[in-house]
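See structure below.
In the working numbering, the protein residues as written are 43 to 124.
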């Protein structure tokens, strides 16, 4: 799956991944290969990514929106906390 995490000021992450976990407004959920199309809002929390080499990355965010369609994921975040 291809993922892009973008804020209003910069591209945070781009790459091929195995798993994405996000803090959805109604609860956390994860996206795996061939996930059904979805658009959801995000609340404050941590976006967790497992890439193709099983390396884990975490991005604390203040909220945003995610779109999943045909193994392509776009996450628009308000801000990423340091």
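Even glycine gets a Cβ: it sits at the ideal position worked out from N, Cα and C.
Task: residue 81 versus residue 115: straight-line alpha-carbon distance, rounded - done: Taking the first residue of the chain shown as 1, we reach residue 81 at position 39. Taking the first residue of the chain shown as 1, we reach residue 115 at position 73. Their Cα atoms are separated by approximately 10 Å.
TODO: My understanding is that residue 121 touches residue 95, with C-beta atoms under 8 Å, so please give their C-beta distance in whole angstroms.
DONE: For this step, residue 121 is matched to residue 79 along the chain shown. For this step, residue 95 is matched to residue 53 along the chain shown. The Cβ separation is near 28 Å, so there is no contact.
- [ ] Can you tell me which of the three DSSP states residue 83 falls into?
- [x] Position 41 of the chain shown, counting from 1, holds the residue named residue 83. In the three-state DSSP reduction, residue 83 falls in the strand class (E or B).
Task: Paired residues, beta bridge with residue 68 - DSSP - done: Against the chain shown, residue 68 aligns to sequence position 26. By DSSP's assignment, residue 68 forms no beta bridge with any residue.
TODO: For my contact list, residue 84 and residue 73 are in at a C-beta cut-off of 8 Å; report their separation, rounded to the angstrom.
DONE: Within the chain shown, residue 84 is the residue found at index 42, counting from 1. Within the chain shown, residue 73 is the residue found at index 31, counting from 1. A Cβ-Cβ separation of about 12 Å leaves residue 84 out of contact with residue 73 under the 8 Å criterion.
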